[in-house]
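The next block holds one structure in the form of structure tokens; read it before the comments.
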Amino acid sequence: MTKFIIPPFQKRFFLALLLIVVLAYLFWTGSRYPSLDEKAVMSGAIQLEDSLSFEAKFAVDAGMGLAERIFWTTLNWIDTNLKGMTFGVLFAAAFLTALSYLRTKSFRGGFSNALLGMVIGTPLGVCVNCAAPIARGMYTGGLRAETTLAAMIASPTLNVVVLTMLFSLLPVYMALTKIAFSLVVILLAVPLICRTLPRREIAPGPAITLPTQDWTLGAALTQSAPAADDARPEHVVKAARAVIGSYLRNLWYILRMTVPLMLLAGLLGATAATLLPQGLILGLEFSLLALLAIAVVGLFLPVPIAFDVVVTGALLTAGLEQGYVMALLFTLGSFSVYSFFIVAQAMGGRAAWMMAGAVLALGVVAGLGAQGYHTWQSDRALRMLLGDARPSAHMPWAAQAATTTADPEPQITVTATPFAARSPADATPFTRIEALQVGIDKPLEFSFADMWPPFWEGRSLASGDIDRDGDLDLVVASTEAGLYLYENDGTGQFSRVALDLGPLTRLPVFNAVLADVDNDGWRDLILATYREGNFVWRNRLGQFAGAPTRIAMPDDHVLSLALSLADADRDGDLDLALGNWAAGWYRRVPGEESRNAILWNDAASGGGTFGTRTTALPGIPGETLSILFSDIDGNGTADLLVGNDFEVPDYVYLGDGAGGFTAITHADARLPHTTTTTMSIKTADLLNDGTPDLYFAQIAGRSSGVSDTLKMQPLSHYCDAIADAQAKATCAANMDIKRWYKSGNQFDPTYAGKCQTLAGRAQAECKAMLVKDLAIQRNDAAICKLIPLGEPRARSYCDLHFLPARPITAAESDAAVPQILRSNVLLEREGDGDSYTDTAEARGLEVGGWSWDTKIADFDNDGWQDVYIVNGTWVPNEVSPSNLFFHNNGDGTFTEASGPFGLEDYLMTAAATAFDIDNDGDLDMVTHPVNGPLVLFRNAGQTGGAIAFELRDHVGNRDGIGAHLRLADDSPRIQSREIVLGGGFMSFDAPRVHFGLGDQDAATRAEITWPDGQTTVIEGPLQAGALYTVTRR
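Each residue of the sequence shown is one higher than the one before, starting from 3 at the first, in the working numbering.
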């Protein structure tokens, strides 16, 4: 032992070593690895909140002055790095303390010492800035320069979680290049650089001496070194006091040496990041000079760990040249202005400049190599993919250049139908089964050609009574078979209805909505297809027969991805709002082809005819994912809420009841903000205060702090829970492709060889999709014409990508309501006024993961509405999130409880419909996963009474869409519901109103405000356990 440890300090060494272990354990388990795991979980969904930080504790906006933005960006940088820096300083002092007791600290060879540094640095899991103080402590403690420099580089570049993110977000060749060049720096450049340094800079003598006397603070800061030949055993208490003293002295030394430089580096980095124009390098042609400038910026900026992977993944997706991405990937986070300062301070300017030069040179070489390799592989891939294929001359989806008066004394009748017996109890309130078990036999329809928006976002679900037998049926849209319609036998068992789909058989149907558009008492179908227009299919006495009627649409219309219906002009029939979508993903700001519109129902032709009168909605056309008619201001007229993806703002239009709509603007100061990547909008009275709250759902989860809510499963287990053999096989085949295929700008030309391993349809789709990716990467629309004639879907993706974006005017930008990232938004009205406050975080509803459809209903019949969010994405990542269920606690807060309620599901899901499939008085759900079979969550709850209402209106629209119901019982609460059709994401729930009553046996009063403003009061008692049908004539 004395060969390695200076006697008699063995106890001191082991106590110092224990301190190192404790610090490392606390940091790794309490902060670093949970934080890195959360970053890996969010993966491609991470959105940076400031130019040098994952999260911004202090808001920074463009309206601030330059000095103010630099100041707040510096503070955000300090906040982001605070834990890592604190660990770095504490760990450095502990390392320095332990090293001072060692006799042997290094190997003889430079390579061996660099290898030692790599072994020490790799598991540290801190950024290069946080590793710098540790390296300072190691060097001061007597470790050689090779060891300290290697550890500083290895910590941010070779960490296992960071490497997982690296392979997830970037092409394999870039990930391998990053690793290989990092090893070159650590094992080759570092030893070579150190050979050129003076010997005193390679292996310094210890700068800190050891305390030997009994410990006091003063003594700890002034003692001299002990005699090495004093070998008397030391008492453990004395050893502990000596170690504490030595540690405090070393800590003060590290603080003095590193923290001032740390703050200076943060300020310089914030200044550089603020001064660099946003988006400066996007669209920049590749050149050596620009490559060198980008590498210098990457070398300079002091960024947190994993920042390099997230930023370069986003830049690659945005279309940055591969060479620039590779240079940034290597230089960003491998070295920085702060590590330069520390190396210069400890080892001298020569070492610092040579390290910076080595990283810079290798970054430039990596960039040149990546650009050349990618160009060569792209040309090779085109030859492999096209073979003898002829370019298509014409593609069917090729893009084109760019008041009725109500009866004053209506007759009201009320009939009651008892609920069936409750479903059998189970271990949890909900039982998850594959829908095939109850007769919903739609096969899993997902293939290579679906791995691009909008096809990777699922298809719609609609529930409603089609045949007027009192049971709720189901319609499932299909882009393979057109449509699946299932009839409910009343017990929750379904059978597929044979349909003569005619031309619909070949049409890619995304949305299918059940709505009685001609007021004949039978619910019709409104169908929205991809690039083939929209249709109405009439229900004749419970049968869909004859040809569907095409709705007149503009020639450049692509897809109505969101639909909503209401009597917006109060003439007694349902009007149709179209939320239009064009391309998504890379082309984030579409053109006029994506402008939203309201199609007015033409009563003169018998009703149910749309397109003869159209109102284009004002504002910026966006990629609309959710649209909802809802009376948010309580004036009896339908308002319209529009949720757009990406930068185009959401819109809230106030309706006047006569067909006019006015957008709420930023200047109105009524809405604080909405979401940015809005995927779902719902309105509901969550607090039982009689006022509707507005819930906007988006990609909601920051780079840290989400693990308490989000639940993840590795993609390797994605298909494990699927019971149906055919569905499981299809799922597995698609997941095999997902593991290697990253589309668009993330495309790797070596994928071309993968297509050869596929067969039949999969191979043809693979080749077409890869040609599309090459066209996007090269920014060359002419390549789209090389896609074979038999692959119209890939050709459509390609053509739409290159359509011009519509410029956004300054006036439009100024009028837009602000948007926020990373959090869902719950807008509650402020008192009796017309302004709203965002309370999502206070209520516990801010985190939703990759939120898609949202269901708001009372799922446990306790008298309070809960929130269910379906979740997931096909975007490259390594995990699949579960759906989330937020249980209403009844006190204004919500608790995520998908596990206890049996509502977990890790299949990527975009749409759901909530309805009582077995008429037992509680709400069940059917969900539509993207790469999995349909799933049924059967409600097996045994608590709480319930009551339901269905309206049959012979004065206004037949289903009473737009009506408000208020229900009172003997408890203090007053529940309210609005009958809406739309909102969420591609989901349409049956117009049947459900109220949980908790422990109440009956409702004392029901009040109905019909869409035309007339009011009906039904005095109780209305006994629980029944469906009440209210008819108005």
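C-beta: ideal position from N, C-alpha, C; glycine also. All values derive from a computational prediction rather than experimental measurement.
Quiz item: Can you tell which of Phe-16, Pro-9, Leu-286, Glu-814 has the C-alpha that lies nearest to the C-alpha of Ala-669?
Solution: Comparing Cα-Cα distances from Ala-669 to each of Phe-16, Pro-9, Leu-286, Glu-814, the minimum goes to Glu-814.
Exercise. Could you spell out where the beta strand (DSSP E) holding Asn-536 opens and where it closes?
Key: Where Asn-536 is concerned, the enclosing beta strand (DSSP E) stretches over 536–539.
Practice problem: May I have the straight-line CA-CA distance separating Ala-71 from Leu-463, to the nearest angstrom? | Solution: The question names Ala, yet the displayed sequence has Arg at residue 71. Using only the alpha carbons, I get a separation of about 47 Å.
Quiz item: If you check the beta carbons only, do Leu-576 and Val-519 fall under 7 Å apart?
Solution: Contact flag set, yes.
Exercise. Locate the beta strand (DSSP E) running through Met-927, then write down its first and last residues.
Key: Where Met-927 is concerned, the enclosing beta strand (DSSP E) stretches over 926–931.
Quiz item: Does any CB atom of chain B fall closer than 7 Å to the CB of Gly-67?
Solution: No chain B is part of this structure, which consists of one protein chain only.
Quiz item: Which full runs of the alpha helix (DSSP H) of 4+ residues lie inside the segment 49–91, going along the chain?
Solution: The qualifying runs do not exist here; there are none.
Self-check item: Simplified DSSP assignment, three categories, for Gln-977
Solution: Strand, per DSSP.
Quiz item: Asp-231 by DSSP, collapsed to three states: which one?
Solution: For Asp-231, the predicted model reports a pLDDT of 46, less than 50, meaning its position is unreliable; a value from the coordinates is still stated below. The answer is coil: DSSP assigns Asp-231 none of H, G, I, E or B.
Self-check item: Any non-hydrogen atom of the ligand SAM within 6 Å of Gly-657 CB
Solution: Ligands in the displayed structure: none, and consequently the ligand SAM is not present.
Quiz item: Is it the case that the Cβ atoms of Glu-830 and Thr-839 are separated by a distance below 7 Å?
Solution: Yes, these two residues count as a Cβ contact at 7 Å.
Exercise. In angstroms with no decimal places, state the Cα-to-Cα distance between Gly-923 and Leu-776.
Key: Cα atoms of Gly-923 and Leu-776: separation of roughly 54 Å, rounded to the nearest angstrom.
Quiz prompt | Sub-7 Å separation of Ala-942 and Ser-380 beta-carbons | solution = Against a cut-off of 7 Å, the Cβ pair of Ser-380 and Ala-942 comes out as no contact.
Exercise. Check whether the segment 744–764 touches the segment 180–194, counting contact only when three or more Cβ pairs, one atom from each stretch, lie closer than 8 Å.
Key: They do not touch, by the three-pair rule.
Quiz item: Excluding sequence positions up to five away, which residues of its chain have a Cβ less than 6 Å from the Cβ of Glu-1009?
Solution: Within the same chain, Glu-1009 has close Cβ partners Arg-968, Val-1019.
Quiz item: Taking the Cβ atom as the reference point for each residue, do Thr-149 and Gly-119 lie within a distance shorter than 7 Å?
Solution: Taking 7 Å as the cut-off, the beta carbon of Thr-149 is found closer than this to the beta carbon of Gly-119.
Exercise. May I have a chain-ordered list of the beta strand (DSSP E) segments no shorter than 3 residues that lie completely inside the segment 844–900?
Key: DSSP runs (the beta strand (DSSP E)) wholly in the segment 844–900: 851–859, 868–873, 881–883, 886–890, 896–898.
Practice problem: Would you decide whether Gly-67 is buried or exposed? Buried here means 16 or more other CB atoms lie within 10 Å of its CB. | Solution: Result: exposed.
Quiz item: Skipping 5 residues on each side, what residues in its chain have a beta carbon closer than 6 Å to that of Asp-955?
Solution: Within the same chain, Gly-962, Arg-1034 come within 6 Å of Asp-955 by CB-CB distance, once the 5 residues on both sides are set aside.
Quiz item: If you draw a straight line from the C-alpha of Ala-229 to the C-alpha of Ile-8, how long is it?
Solution: Any reading at Ala-229 needs caution, since the residue's pLDDT is 45, under 50, leaving its predicted position unreliable; the model's value is listed next. Looking at the two C-alpha atoms, the distance is approximately 10 Å.
Quiz item: How close, in whole Å, do the beta carbons of Gly-985 and Leu-630 come, if the pair is a contact with beta carbons under 8 Å?
Solution: The C-beta separation of Gly-985 from Leu-630 comes to about 3 Å, placing the pair in contact by the 8 Å criterion.
Exercise. Just the C-alpha distance for Asn-521 and Asp-722, rounded to the nearest angstrom, thanks.
Key: Asp-722 has its alpha-carbon roughly 46 Å from the corresponding atom of Asn-521.
Practice problem: Could you tell me if Ile-195 is buried or exposed, where buried requires 16 or more neighbouring beta carbons within 10 angstroms of its beta carbon? | Solution: Around the beta carbon of Ile-195, 16 or more other beta carbons lie within 10 angstroms, which makes this residue buried.
Exercise. Give the secondary structure of Pro-135 by DSSP, where H, G and I count as helix, E and B as strand, and everything else as coil.
Key: Looking at Pro-135 - three-state DSSP - the assignment turns out to be helix.
Quiz item: Could you give the distance in angstroms between the alpha-carbon of Phe-93 and the alpha-carbon of Ile-136?
Solution: Looking at the two C-alpha atoms, the distance is approximately 6 Å.
Quiz prompt | Complete alpha helix (DSSP H) runs within the segment 780–819 (minimum length 4 residues, chain order) | solution = If we require 4 residues or more, the alpha helix (DSSP H) runs fully inside the segment 780–819 come out as 794–803, 812–817.
Quiz item: Taking just the CA atoms, how far does Lys-740 sit from Ala-766?
Solution: Spanning the alpha carbons of Ala-766 and Lys-740 requires a straight line of approximately 17 Å.
Quiz prompt | Residues of its chain near Leu-263, where Cβ-Cβ distance is below 6 Å and the 5 sequence neighbours each way are ignored | solution = If you ignore the 5 residues before and after Leu-263, its C-beta comes within less than 6 Å of the C-beta of Phe-343, all in its own chain and listed in chain order.
Quiz item: Using the rule of at least 16 other Cβ atoms within 10 Å of the residue's Cβ for burial, across every protein chain shown, is Tyr-720 buried or exposed?
Solution: Buried, because 16 or more other Cβ atoms sit within 10 Å of the Cβ of Tyr-720.
Quiz prompt | Alpha-carbon spacing of Met-453 relative to Trp-876, whole angstroms | solution = Looking at the two C-alpha atoms, the distance is approximately 7 Å.
Quiz item: Excluding five sequence neighbours on each side, which residues of the same chain lie with their C-beta closer than 6 Å to the C-beta of Leu-446?
Solution: Excluding residues within five positions, the ones whose Cβ falls inside 6 Å are Ala-729, Thr-732, Pro-935.
Quiz item: Just checking, does the segment 588–600 make contact with the segment 535–544 on the three C-beta pairs under 8 Å criterion?
Solution: Between the segment 588–600 and the segment 535–544 there are fewer than three inter-stretch CB-CB distances shorter than 8 Å, so the stretches are not counted as touching.
Quiz item: Closest by CA to Phe-887, which one among Asn-879, Asp-893, Phe-903, Leu-580?
Solution: Of the listed residues, the one whose Cα sits closest to Phe-887 is Phe-903.
Quiz item: Can you give the beta carbon distance from Phe-917 to Arg-994, rounded, assuming they're within the 8 Å contact cut?
Solution: Contact between Phe-917 and Arg-994 holds: CB atoms are separated by about 7 Å, below the 8 Å threshold.
Quiz item: In angstroms, rounded to a whole number, what distance separates the CA positions of Asp-691 and Tyr-753?
Solution: Taking the straight line from one Cα to the other gives about 56 Å.
Practice problem: Give me the Cα-Cα distance between Asp-1014 and Ala-660, rounded to the nearest whole angstrom. | Solution: The alpha-carbon atoms of Asp-1014 and Ala-660 are separated by roughly 12 Å.
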